[in-house]
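Basically the working numbering = 1-based index in the sequence shown + 18.
Ideal placement from N, C-alpha and C gives every residue a C-beta, glycine not left out.
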Amino acid sequence: MRAMAQRFLPYQSRQRLRAWSGLPARFFELLDNYLYDLRTFTRHSSSLQFFNSRQQRQSWIDADYHKLEKGLALPAPRAGFGKPVAERLVRQLQEYRRRYDDDETVHNAISVLSVYQSFNQLQGVEYTDLFEKIASLKAYSKNENRGGYEVLEKRQWQADAEHDLLAFFQSRRSIRDFSSEPVSLQLIKRAMEMAKYTPTVCNRQAARVHAYTRSQEVQQVIRCQMGNSGFGDRVQTLLMVTVDRACFFSAGERNQCWIDGGLLAMSVVYALHSLGVGSCCLNWSVTRERDQLLRQTVKIKDSEAVIMMIAVGHLKDSFRVAKSPRKPLDHFLVDGIQTA
Ligand SMILES: Cc1cc2nc3c(=O)[nH]c(=O)nc-3n(C[C@H](O)[C@H](O)[C@H](O)COP(=O)(O)O)c2cc1C
Numbered sequence: 019m020r021a022m023a024q025r026f027l028p029y030q031s032r033q034r035l036r037a038w039s040g041l042p043a044r045f046f047e048l049l050d051n052y053l054y055d056l057r058t059f060t061r062h063s064s065s066l067q068f069f070n071s072r073q074q075r076q077s078w079i080d081a082d083y084h085k086l087e088k089g090l091a092l093p094a095p096r097a098g099f100g101k102p103v104a105e106r107l108v109r110q111l112q113e114y115r116r117r118y119d120d121d122e123t124v125h126n127a128i129s130v131l132s133v134y135q136s137f138n139q140l141q142g143v144e145y146t147d148l149f150e151k152i153a154s155l156k157a158y159s160k161n162e163n164r165g166g167y168e169v170l171e172k173r174q175w176q177a178d179a180e181h182d183l184l185a186f187f188q189s190r191r192s193i194r195d196f197s198s199e200p201v202s203l204q205l206i207k208r209a210m211e212m213a214k215y216t217p218t219v220c221n222r223q224a225a226r227v228h229a230y231t232r233s234q235e236v237q238q239v240i241r242c243q244m245g246n247s248g249f250g251d252r253v254q255t256l257l258m259v260t261v262d263r264a265c266f267f268s269a270g271e272r273n274q275c276w277i278d279g280g281l282l283a284m285s286v287v288y289a290l291h292s293l294g295v296g297s298c299c300l301n302w303s304v305t306r307e308r309d310q311l312l313r314q315t316v317k318i319k320d321s322e323a324v325i326m327m328i329a330v331g332h333l334k335d336s337f338r339v340a341k342s343p344r345k346p347l348d349h350f351l352v353d354g355i356q357t358a
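Here it is, written out as structure tokens:
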């Protein structure tokens, strides 16, 4: 049949025939994987508004206190703004503290509420009931002035940021030819100390990195990934970026894991580059079966979505990289609304 088609049909028609004949199988594979995503997102996020985990409650609190922080950092915050959010945040905090011990989230939220209260009182706004509740929360909190807003000076801000980074960006390359020198966890910690300042949606900080530095572990995990043939056996340290679905609330956030995780991954790669350590992103573009296979190996939380992996290693004195040419600037940057 195949030989006949090859003999009698032109290439275009053969391609179309192949596309049509595989259509039902490919469609059901797609459906199966979308259903897997739907199940995991509804089970672990709070999009259905059932709160089953501490992480879900924490993320609601993080998002609400950050709403107030953002309001306070506007050019001219409106006196009395954000009352419904502040009231909801107080209720959430009371409920959270009934269930769990105080933690960073509680302290940050109370600190922001305290700044919110002071701001409003200075403007002559008096929400008696709300402010009494904030005062009673404050009594339990380590008031370390953590949250709220701060005023920065342009000159200092620019001095801290001023580096010509073109050479830095151009010199980062995906490395697939590592030396055999081990990469210490200490070095990974230094990179993470930088990468943790990556922006995250509502400052919820849902992404994290699992580090595998022992060669046996590295090999166990990297074997689940499909894009490392020819160099995976020389990877010294493997990072796996995951995002907790429990930090997300709504249908609109169904893809947020991959955005926050991708941003953190990029920061990790640049942070490693700044430390002179080589890395190569490794895709986790997989179907349900492979995702489940990995989960049998790494024992991460069910709620964590795996975003990608990063192979890490020290450099040889001289090593090869793919040239990976870039398209011109007008491919990456579109100026304004296009008329046609
Ligand atoms: C999300 C992502 C997944 C990737 N997956 C792989 C992979 O599985 N194997 C691999 O060898 N390279 C992988 N890469 C590296 C790309 O091939 C590489 O970034 C691209 O060709 C540009 O080259 P450069 O990083 O040297 O600038 C991946 C890159 C990204 C961003």
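Check	Outcome
C-alpha distance - Gln67 paired with Pro42, whole-angstrom precision	35 Å
Residue burial classification, Ser321 (beta-carbon count within 10 angstroms, cutoff 16)	buried
Helix, strand or coil at Tyr145 according to DSSP, with G and I counted as helix	coil
C-beta atoms of Thr231 and Ala225 nearer than 9 Å	no
Validate contact between the segment 77-86 and the segment 118-132 using beta carbons, cut 8 Å, 3 pairs	yes
Rounded C-alpha distance that separates Val295 from Phe187	14 Å
Outcome for Lys438 when other beta-carbon atoms lying within 10 angstroms are tallied against a minimum of 16	A query on residue 438 cannot be resolved here, the shown segment of the chain reaching from 19 to 358 and no further.
Straight-line gap, Ile236 to Pro200 (C-alpha atoms, nearest Å)	The question names Ile, but residue 236 is Val in the sequence shown. So the alpha carbons of these two residues sit roughly 12 Å apart.
Cβ-heavy atom distance, Met258 to ligand 1, below 8 Å	no
Near ligand 1: Arg308 beta-carbon under 8 Å from a heavy atom	no
Contact test: Asn273 Cβ vs ligand 1 heavy atom, cutoff 8 Å	no
Near ligand 1: Ala283 beta-carbon under 8 Å from a heavy atom	yes
Distance, Val261 Cα to Trp276 Cα	8 Å
Residue burial classification, Thr315 (beta-carbon count within 10 angstroms, cutoff 16)	exposed
Cys242 CB to nearest heavy atom of ligand 1 below 8 Å	no
Stretch pair the segment 207-222 + the segment 335-349: three plus CB contacts closer than 8 Å	no
DSSP state of Ser297 mapped onto helix, strand, coil	strand
Residues near Leu290 by beta carbon distance below 7 Å, same chain, minus five either side	Ala209, Ser297, Val330
Nearest neighbour of Gln274, chosen from Val227, Ala37, Arg222 [CA to CA]	Arg222
Beta bridge counterpart(s) of Val324 as assigned by DSSP	Thr260
Option nearest Ala157 by Cα separation, candidates Asp120, Cys220, Ser77, Met22	Asp120
Beta carbon of Val324 nearer than 9 Å to that of Leu312	yes
Nearest-angstrom Cβ-Cβ length linking Cys265 and Ser77, presumed shorter than 8 Å	4 Å
Assigned secondary structure, Arg344 (DSSP; H/G/I helix, E/B strand, else coil)	coil
Cβ contact (3+ pairs, closer than 8 Å) linking the segment 297-309 and the segment 326-341	yes
Assigned secondary structure, Ser129 (DSSP; H/G/I helix, E/B strand, else coil)	helix
Start-to-end residues for the alpha helix (DSSP H) that takes in Arg115	101-117
Gln300 beta carbon near ligand 1 (any heavy atom closer than 8 Å)	Before going further, note that residue 300 is Leu rather than Gln in the sequence given. Yes; taking the cut-off as 8 Å, the Cβ of Leu300 has a heavy atom of ligand 1 nearer than that.
Supposed contact pair Tyr134 and Leu90 - C-beta distance, whole angstroms, cut 8 Å	7 Å
Gly296: CB within 8 Å of a non-hydrogen atom of ligand 1	no
Ala269, DSSP secondary structure in three states	helix
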